[in-house]
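Protein sequence lines, in the order shown, are assigned to chains A and B. When we follow the working numbering, the leftmost residue of the first sequence carries the number 37, and every step to the right adds one. When we follow the working numbering, the leftmost residue of the second sequence carries the number 30, and every step to the right adds one. Backbone N, C-alpha and C define an ideal beta-carbon position, used for all residues, glycine too. These numbers come from a predicted model, not from an experiment.
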Amino acid sequence: MAPTGAGKTLAGFLPSLVALSGAPRGKGARRGPHTLYVSPLKALAVDIARNLDAPIAGMGLGVRVETRTGDTPAHKRTRQIARPPDILLTTPEQLALLIAHREAADFFSELRCVILDELHALVTSKRGDLLSLALARLHRLSPGLTAIGLSATVREPDELRKYLVPQTPPPVPAPMADLVVVRGGAKADLRLLDTGRTLPLAGHTAQHAMPAIYDLIRAHRTVLVFVNTRLQAEYTFQELWRLNDDVLPIALHHGSLDASQRRRVEAAMAEGRLRAIVCTATLDLGIDWGDVDLVVNVGAPKGASRIMQRIGRANHRMDEPSKAYLVPGNRFEILECQAALDAVEEAAQDTPDARLGAPDVLAQHVLGMACADAFDPVALYDEIVSAAPYATLAWEEFEAVVDYVATGGYALRAYERFAKILRGADGLWRVRDARVAQAYRMNVGTIVESAKVKVRLARSIRGKPGTVLPKTGRVLGEVEEDFCETLTPGDTFLFAGEVLRFEGLSEDEALVTRAGPGTDPAIPSYAGSKFPLSTYLAARVRAIIADPFAWDRLPRQVADYLLLQRSRSVLPGERDLLVETFPRAGRHYLTAFPFEGRLAHQTLGMLLARRLERARLRPLGFAANDYGIAIWMNRDLSERIAAEPGFLGELFAQDMLGDDLEAWLDESAMMKRTFRQCAVIAGLIERRHPGLKKTGRQVTISTDLIYDVLRKHQPDHLLLRAARQDAATGLLDVRRLGMMLERIQGRITHRALDRVSPLSVSVMLEIGRERVYGEGADEILAEAEAQLLEEALS
Amino acid sequence: MALGLRLEKTHKAPTLTLAGEALTLDLCGGLWLSAHRTLVVSDLHLEKGSAFAARSGQFLPPYDTRETLACLHEAVVRLDPARVVALGDSFHDARGPERMEPGDRAMVAALQEGRDWVWIAGNHDAAVHEGVGGRYADSLTLGGLRLRHEPAAGAAPGEIAGHLHPCGKVAMRGRTVRRRCFVSDGSRLVMPAFGAYAGGLNVRDRAFEPLFPAGFTAHLLGDGRVFAIGRAMLARD
């Protein structure tokens, strides 16, 4: 474990290089690699190969290093199996394919060392689950294997130590790998960017700070400007170029851009030809940029460890301080930035807890193991529970997974005769045929991209407005299908640094034209953050608010704002929940400030609205941001609370996470999306491969239809359980909501006000950006229908 | 919340007149011809899930047939039709009937009990001629109405067809709603697919243009009622 820039990657290879250079080279080729290196990014694997080549050649070690990624051509892959290199650099997905290979047992028999890079980033996702299962297999194929994890500083190093070595069932204490900690490194020089301007109470664009950021770019060699979302990246890029009188080379980098364009930006950066890159989390990890001398983080930091990672991208040398600025977008974000500054000062970490292995990933792995060789279920189970994320897996659950892989795991045994894996008379499970194995290989991996639509420039036909020639221009990148669905022809939006006009869809492509100069994009950049505020930072923000002595460190405008809140209402204690109720424009409002992140708040808002409805307070809508929620209703809530003192406590009682939650979750679009991801990972439906077109309505079945049918007829199916497990900890943050409700029991501070308080203004400003409660499909349809009537009557 | 909406069916199902006959557009996606006491449903695609398992090894939940039949059962109990017409593609493929679970088979028999049951041939199930009760036909004439699976080319007054699985999409304030729908221009009508796993084709697709040269109204199946939406308000996919 070492801070970024300590050189841990090369250190990880040293034992292997020593062993390989000392070993006499036998006559026969080796049967498999001596050392395996796994990185979350294929670009990183390629980069490491380059960095290893120099010392190996320089010292004349004669060690062969090769990469194996999704880009490796087939002939090279075949050769790598026949004539393996000494050191093989690869990704978790490619490793999964390798261990599912028929030759895997032989190929990995000489493996002595496996190095897992950026382990802290891998273990927090389903990719980490997949990798843990592969590692368990490697430990079995090559007993005595040394696993080395390379990680940035994390909160719970013991979790990573367990991840690396085979686990044993309790009561034996969990085995752990040795820990080597590299301390120190120069302390980061991290500051809040104070532009002296008054910040808005909501919004994330940080428009006010753009000139200051531009000045920073001018004053530095190379600057990385991190933002939280793709749309924020587009916005920032656009604004910086508006100011770019010196025509500095400023580039844009995010996951939706065309891959070749991203590679060009990366190459230009590596060659030192750029002065700044505006980028999203796509550059959080990885490549050693060398000459970056400043990092600017626009928007809320969201987590202490995340911000430290980003800062570490600057000045990749141990002995010099990394320099970085935090740029808050609104007054609340100043608080969050201050909390992050304090956390960095104390080197506090808030990396997430260890994961419980996902069942859908396990299903994929079980099929892969059947592809490798016939398996004995007991032996495979023992191997799987030696992987830390699956250490608590029950035998029955494993059996359910095997049953799912074989025939879909349905109570109605409809698919016995089509089984993908079959149990022979010898008790071993085998894959049915080569076609099943082929399907496995096509669907391996845990990254399920949301369906994407290519964005292509089209030429408009002169004299025929609204018509364009398809397939004429180049592809600018991809946008999520969900985003594209909300566009109607004529809408303008920011993409790839330009204002584009949406002309329509042609097959699987969104056709766009360049909007005229000076056009403002009509579709607002959705500027919320997709990362939830970490529990740790949230607690620090609450602590700052609760402690007036801490306000000295805050910019004056924030301290003034908090003072105003204290005089108009109250500031909540560190562990308290502040609830305010007040009338405004004929409606009655409730605001609450749990500081648990937008996703948890949305769930909370929906549940509170249901309760208020049952209490006949007639809720109309709600809005949420990272810090709080606002709900508005027709009836007077203040009056009700005055008349019924226990009402508020009951409203926020923990039992709200019961039937209401279940009912709402099951209907939510988020849950359907989560289900789709589980279904793809577990191989229920096949991945859509880029380049492979949809061939008509009969070929694919919408996962929403599948979800609805399955939920009705077998609600406890493995994949529904998998989706619920994801919802609890992932996108919907249900677990966090539960922890919050527990924390605030008996600690609700309520103020009935006669008007909106300063604190409440911030969340009230979110109103209008959010969907209104009760606005179901039928309300939308009714509105469209009304327009037809209007036409008919006019 | 959505459930609440479904329960309060305060709206009466809309009625259209085609070739002088009154048609009721039922929220379940079926068409009720009260004068003939006939219920028409189209594109059931029974055993589509098992067809996927047999053909491509994808194990979709094998409950689509019973789900589709349950919806049909609800409509039959409510309307008590003298005749049920399945307007083609009732089975996803010719071997569908033999893959059917005994329970589902019994359900079909129960539905057929005491009524005239007509299987109109579709392109997916043209080869199915026996084994599931009822009678088989290529098309059916009821008064001024002509019931067939595939819409005929050119003008076809009084035609009721399926085959195209029409869906309408409404996009408003950053939200979209996509629902199955009936499509009609007052002369002919295309029915929505009834099957649980039947997909949908956007009514703005080119396939609908020759059928409705002068435009159409789509009747979208909402949660609580059927909504008549003009072509101008319908978005492309």
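Looking at the strands, I want to know which residues DSSP matches up with residue i.
| i | result |
| --- | --- |
| residue 490 (chain A) | A:514 and A:545 |
| residue 224 (chain B) | Residue 224 (chain B) pairs with nothing; no bridge assigned. |
| residue 198 (chain B) | B:207 |
| residue 465 (chain A) | A:411 and A:459 |
| residue 258 (chain B) | B:247 |
| residue 168 (chain B) | B:177 |
| residue 786 (chain A) | A:615 |
| residue 152 (chain A) | A:74 and A:185 |
Under 8 Å by Cβ, that's how I've got residue i and residue j pegged, so tell me the actual separation to the nearest angstrom.
| i | j | result |
| --- | --- | --- |
| residue 106 (chain B) | residue 144 (chain B) | The pair is not a contact, with the Cβ atoms about 12 Å apart (cut-off 8 Å). |
| residue 340 (chain A) | residue 386 (chain A) | 5 Å |
| residue 338 (chain A) | residue 131 (chain A) | Their Cβ separation, rounded to whole angstroms, is 30 Å, which puts residue 338 (chain A) and residue 131 (chain A) out of contact at 8 Å. |
| residue 441 (chain A) | residue 717 (chain A) | That belief does not hold up - the Cβ atoms of residue 441 (chain A) and residue 717 (chain A) are roughly 12 Å apart, past 8 Å. |
| residue 155 (chain A) | residue 196 (chain A) | 6 Å |
| residue 668 (chain A) | residue 637 (chain A) | 15 Å between Cβ atoms; not a contact. |
| residue 310 (chain A) | residue 317 (chain A) | At roughly 19 Å, the Cβ-Cβ gap does not stay under 8 Å, so residue 310 (chain A) and residue 317 (chain A) are not in contact. |
Thinking just about the alpha-carbon of each residue, which of the options is nearest to the one in residue i?
| i | options | result |
| --- | --- | --- |
| residue 578 (chain A) | A:533, A:253, A:383 and A:373 | A:373 |
| residue 477 (chain A) | A:403, A:532 and A:195 | A:403 |
| residue 753 (chain A) | B:172, B:89 and B:135 | B:89 |
| residue 335 (chain A) | A:258, A:229 and A:630 | A:229 |
| residue 164 (chain A) | A:146, A:185 and A:181 | A:185 |
| residue 246 (chain B) | B:185, B:233 and B:91 | B:233 |
| residue 583 (chain A) | A:759, A:654, A:389 and A:375 | A:375 |
| residue 105 (chain A) | A:99, A:129, A:123 and A:93 | A:129 |
| residue 225 (chain B) | B:78, B:53, B:41 and B:68 | B:78 |
| residue 679 (chain A) | A:117, A:746, A:788 and A:698 | A:788 |
| residue 71 (chain B) | B:265, B:127 and B:121 | B:121 |
| residue 183 (chain B) | B:208, B:158, B:167 and B:216 | B:216 |
| residue 429 (chain A) | A:421, A:435 and A:436 | A:421 |
Do you know offhand how far residue i's Cα is from residue j's?
| i | j | result |
| --- | --- | --- |
| residue 382 (chain A) | residue 224 (chain A) | 11 Å |
| residue 205 (chain A) | residue 213 (chain A) | 16 Å |
| residue 358 (chain A) | residue 347 (chain A) | 6 Å |
| residue 43 (chain B) | residue 273 (chain A) | 52 Å |
| residue 256 (chain A) | residue 294 (chain A) | 28 Å |
| residue 312 (chain A) | residue 72 (chain A) | 35 Å |
| residue 391 (chain A) | residue 159 (chain A) | 7 Å |
| residue 197 (chain B) | residue 214 (chain B) | 15 Å |
| residue 588 (chain A) | residue 605 (chain A) | 21 Å |
| residue 145 (chain A) | residue 122 (chain A) | 13 Å |
| residue 176 (chain A) | residue 100 (chain A) | 25 Å |
| residue 278 (chain A) | residue 360 (chain A) | 23 Å |
| residue 240 (chain A) | residue 264 (chain A) | 10 Å |
| residue 119 (chain A) | residue 150 (chain A) | 19 Å |
Helix, strand or coil for residue i, going by three-state DSSP, please let me know.
| i | result |
| --- | --- |
| residue 315 (chain A) | strand |
| residue 819 (chain A) | helix |
| residue 81 (chain B) | helix |
| residue 233 (chain A) | coil |
| residue 721 (chain A) | coil |
| residue 484 (chain A) | coil |
| residue 727 (chain A) | Because residue 727 (chain A) sits at a pLDDT of 45, beneath the cut-off of 50, its placement in the model cannot be relied upon, and the following sentence gives the value as read from the coordinates. Coil, per DSSP. |
| residue 735 (chain A) | Only weak support is given to the placement of residue 735 (chain A): the predicted model assigns it a pLDDT of 46, under 50, and the value that follows is read from those uncertain coordinates. If DSSP states are grouped into helix, strand and coil, residue 735 (chain A) belongs with coil. |
| residue 563 (chain A) | Because the pLDDT of residue 563 (chain A) is 34, which lies under 50, any placement of that residue in the model is unreliable, and the number read from its coordinates should be weighed accordingly. Residue 563 (chain A): coil per DSSP, three-state reduction. |
| residue 632 (chain A) | coil |
| residue 663 (chain A) | coil |
| residue 359 (chain A) | strand |
| residue 625 (chain A) | strand |
| residue 289 (chain A) | strand |
| residue 655 (chain A) | strand |
| residue 335 (chain A) | coil |
| residue 217 (chain B) | coil |
| residue 529 (chain A) | strand |
| residue 99 (chain A) | coil |
Between residue i and the ligand FAD, is the CB less than 6 Å from at least one heavy atom?
| i | result |
| --- | --- |
| residue 312 (chain A) | In terms of ligand content, the structure shown is empty, and the ligand FAD therefore cannot be addressed. |
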